[in-house]
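In what follows, a structure is listed as structure tokens, so that the remarks can point back to it.
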Amino acid sequence: MIRTFICCFLIYSSLLAYQGQALELDYSTTIQTRWGINTRNGSTQSLNFRIQPELVFHFDNDIRLTAIARAHSDIIDKIAPGSVIRESYNPASKPLLITHKLELELRELYVETEWDNTWFTVGKQQVVWGKADGLKVLDIVNPQSFREFILEDFDDSRIPLWTVKVERSFGPIDVEFLWLPDQTYHALPESGSTFGFTSSRVVPSRPPADASVDLLLPKRPDRIIRDSDAGIRLTSFWKGWDLTFNYLYQYDNFPVLKQKLSQTTNNIAVTITQLYKRTHVIGTTLSNAFGDWVIRGEIAWFSNRHFLTRSPLSHQGVISSPELLYVVGLDWSAPYDIFASAQLFQSWVIKPKNSMNRDRLDNTLSLLLSRQFLNDTLSIELLVLGNINDGDGMIRPNIEYLYNDDLKVWLGADLFYGDSKGLFGEFKSNDRVVIGMEWVF
Amino acid sequence: MNNKQWKQSALLMSLLLFVWIGGSANELPDGDSIAQRINARDEGVSVSRDVKMEMTDKRGKTRIRETSGYRKYYDDEKRTIIIYRSPKNVKDTGFLTFDYADPEKDDDQWLYLPAMRKVRRISASDRGDYFLGTDFSYEDIKLETRVSIKDYTRKTIGEDVVNDHHCLLVEMIPVNETVAKELGYGKAETCVDDSIWIVRRSRIWDVQGNPLKTTINSDIRQVQGIWTVHRMQVENHKTGHQTVFTFRNVDYQAVIDDNVFTKQRLKRGL
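In order, the protein sequence lines correspond to chains A and B. When the count follows the numbering used here, it moves up by one through the first sequence with no breaks and lands on 835 for the last residue. When the count follows the numbering used here, it moves up by one through the second sequence with no breaks and lands on 548 for the last residue.
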């Protein structure tokens with residue numbers, strides 16, 4: 395059914411374009427290559443190459459058409475494009491896998507136009523909500539690829555969706571309405587891939603040793619109207635405060651993994667189903683500046699989240715509960731042009747059960763330090779993310795040099811610490827140094 | 279001696295004659311009244327313009343940015359938006375500022391970085407930081423050709439000639455150490471053209487008293503009856519880096535909708 399939507403989009407954009415002459419064409423191509431070296435054993439963890447052409451047509455009737463494509467390859471098998479579970483993609487949005495190590499993707503294709511003081515953005519696009527850095531609270535409109543855990547830039551890991559976005563101002567309030575008929579969800583790494591999850595937070599507990607396991611493919615909703623997501627955001631500026639109020643009715647982008655045990659004549663059989671469940675999300679964001687400080691906040695209430703249990707025998711291995719998720723961040727313009735930013739993320743399970751395999755309150759801290767040198771051509775950054783409950787985290791130093799406007803190079807590291815049960819600690823054997831280069835022309 | 283040098287000599291001679299026949303620096307307008315005349319100068323209610331930014335490091339390597347921007351006054355409140363057009367690595371970056379008339383009220387400032395796809399609130403005390411790799415600070419960008427009344431004490435210290443134009447020399451000292459640190463300036467000496475009340479040259483020292491930078495405003499001509507600086511050049515003496523802003527397509531009569539100065543427009547582009 396999404397194909398119907400795409401056909402409508404193409405007809406709509408063709409009609410708009412037909413009415414106007416293309417006045418201007420912006421064209422650019424970005425070529426990026428990254429080499430990741432595992433610091434534990436010195437082996438190459440990833441060696442990827444990406445080419446991303448971008449076209450923007452400006453028509454004389456104030457219509458703008460943007461098209462972004464991407465070819466992405468990685469010669470290392472366990473981090474290659476094919477190393478994610480692709481059933482979570484809507485077939486019409488799924489990147490084209492040429493080989494296991496090479497994919498082609500229409501990243502974005504959308505038309506922007508204004509009519510009667512109302513802005514329409516229609517097509518495959520990214521919608522970014524929220525004010526947090528490093529972790530997401532309300533930046534949940536688009537699903538995400540976890541092929542490289544959360545190490546990719548959000549702009550790269552976010553999966554663009556076919557979306558209708560309508561924006562209009564009503565006095566001091568700006569209203570953004572979203573309709574997302576694209577049933578694509580998080581792209582999770584395959585078991586056994588470099589960043590495949592093993593933490594008991596996201597992987598169901600191990601079934602009995604003699605049990606046979608049948609992991610069913612995700613059951614992805616596919617009705618274009620009834621299974622579409624919709625949301626609204628109100629934005630205002632009040633007495634120095636940037637405020638938004640957000641509402642989203644969506645399928646949670648993470649599948650719910652339910653386990654069913656059955657006794658056969660010879661052994662125990664475990665069937666694991668992967669279902670997507672609806673949730674309402676109500677949230678708000680705020681930010682304001684006070685002297686050297688900027689305070690940022692974001693809060694989201696999810697009506698229906700799912701959490702794994704310690705035993706597959708309990709509640710089919712998963713319990714449901716509302717969740718309250720929030721972040722408070724402080725940015726400090728410190729002396730010597732240093733920018734420092736600290737954030738506290740907290741997640742509350744509103745109706746916890748004893749069998750749940752996580753704490754009711756989960757705490758994550760982040761610290762970012764950065765400084766620019768040589769008229770913003772050289773930047774140094776250190777990001778630390780740590781989960782207090784599990785005592786794990788990651789440290790990401792990075793140095794980037796802009797050789798000229800077309801070419802930048804960088805050297806960074808992604809270092810994990812903590813227990814392998816934690817979301818970060820599970821990857822501690824994946825510590826790596828990354829050398830990258832990006833050329834734009 | 280060429281024609282330009284002749285003109286400068288003649289002007290200096292006139293100045294000396296003026297002093298000799300009884301004039302003195304004491305009779306020059308005081309610093310505060312000069313600042314007020316600068317800020318009272320007609321800048322139009324609104325303006326649209328394109329700015330070419332050329333940044334050259336001490337080795338001579340130049341980076342060029344093309345931007346478009348709007349500025350509009352709402353009584354004494356000034357709103358400014360600047361969007362980068364090129365090159366690709368900074369394209370669509372945007373800066374929005376609300377500069378309030380109340381000196382006690384901090385400005386509100388936002389930065390849109392396309393790589394993050396988010397409009398980010400930035401602290402007004404970042405005003406001493408350099409604006410996106412240029413040698414102008416955020417404060418310089420906000421003030422344009424005006425001067426800050428609240429941040430400095432001023433004293434007229436004499437006269438000079440810049441590019442054949444007679445100027446009044448005004449020494450400006452930050453009102454306190456906190457402001458000095460915020461601005462990154464320990465002292466400024468501006469040379470103000472007293473025929474059109476535009477700063478033609480600023481010499482700035484850092485908080486430690488070392489020469490920091492020199493700004494030269496030139497190609498000053500009238501557009502739609504308003505005196506307009508078309509070239510601003512600043513040289514950073516510490517780094518050897520230099521920035522030149524060249525203003526084009528200046529239009530004080532362009533109709534600028536109020537919704538241009540919004541975070542939505544910052545994100546969407548002009």
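Glycine included, each C-beta is placed from N, C-alpha and C at the ideal position. These numbers come from a predicted model, not from an experiment.
Considering only A:A807, A:N640, A:N661 and A:N757, the residue with the shortest C-alpha distance to A:L572 is A:N640. Residue burial is scored here from C-beta neighbours: B:Q486 has fewer than 16 other C-beta atoms within 10 angstroms and is therefore classed as exposed. Here the C-alpha atom of A:N769 lies approximately 21 Å from the C-alpha atom of B:L421. Note on A:N824: 16 or more other CB atoms within 10 angstroms of its CB, so buried under the neighbour-count rule. Look at the stretch 354–376 of chain B: the residues with a C-beta under 7 Å from a C-beta of chain A are P365, K366 and N367.
Listed in chain order, the positions of the stretch 438–455 of chain B with a beta carbon within less than 8 Å of a beta carbon of chain A would be empty, since no residue qualifies.
With a cut-off of 8 Å on Cβ pairs, the stretch 460–470 of chain A is not in contact with the stretch 302–316 of chain B, counting fewer than three such pairs. Within 10 angstroms of the beta-carbon of A:L796 lie 16 or more other beta-carbons, which makes it buried. At least one CB atom of chain A sits nearer than 9 Å to the CB of B:L410. Burial check for A:Q657: the Cβ neighbour count within 10 Å stays below 16, so the residue is exposed. Taking C-beta atoms as the reference points, A:T424 and A:V675 fail to come closer than 9 Å. For B:R327, the nearest beta carbon of chain A is not closer than 9 Å to its own beta carbon. Pairing B:D377 with A:G723, the inter-Cα distance amounts to about 25 Å. For A:E561, the chain B residues whose Cβ falls inside 9 Å of its Cβ are Q542 and R546, in order along the chain.
By a beta-carbon distance limit of 8 Å, B:G462 does not contact B:K336. Their separation comes to about 20 Å.
Looking at the DSSP output, A:P746 shares a beta bridge with no other residue. Comparing alpha-carbon positions, the option among A:F564, A:T557 and A:N442 lying closest to A:L574 turns out to be A:T557.
Setting aside the 5 residues that flank it on each side, A:W509 has no residue in the same chain whose C-beta is closer than 6 Å to its C-beta.
For A:A624, the uninterrupted beta strand (DSSP E) run begins and ends at D623 to W632, by DSSP. Comparing alpha-carbon positions, the option among A:T438, A:R600, A:L763 and A:E717 lying closest to A:P706 turns out to be A:R600. Taking A:L555 as reference, the option from A:V516, A:V531 and A:G524 with the minimal CA-CA separation is A:V516. In this structure, B:E467 lies near B:E449, with their beta-carbon atoms less than 9 Å apart. Only buried fits A:F453, as 16 or more other CB atoms lie within 10 angstroms of its CB.
Among the CB atoms of chain B, none fall inside 9 Å of the CB of A:P537. Per the coordinates, the alpha-carbon of B:R509 lies some 5 Å from the alpha-carbon of B:T524.
For the 9 Å CB-CB criterion, A:P489 and A:E502 do not form a contact. In the displayed model, A:F821 falls within a helix according to three-state DSSP. Runs of the beta strand (DSSP E) spanning 3 or more residues and lying entirely within the stretch 345–414 of chain B occur at 355–364, 372–377, 386–391 and 396–400, in chain order.
Residue contact check for A:N682 against chain B: a CB pair falls below 9 Å. In this structure, the straight-line span from the alpha carbon of A:I693 to that of A:R480 is close to 31 Å. Residue pairing for A:P583: DSSP places it in a beta bridge opposite A:V478. Beta-bridge analysis with DSSP links B:S496 to B:R509. At least one beta carbon of chain B lies nearer than 9 Å to the beta carbon of A:N511. Separation of B:V457 and B:D429 (C-alpha to C-alpha, rounded to the nearest whole angstrom) is 7 Å. Annotation: Cβ neighbours of A:W687 in chain B (cutoff 8 Å, chain order): S401. In this structure, A:K654 lies away from A:N698, with their beta-carbon atoms at least 9 Å apart.
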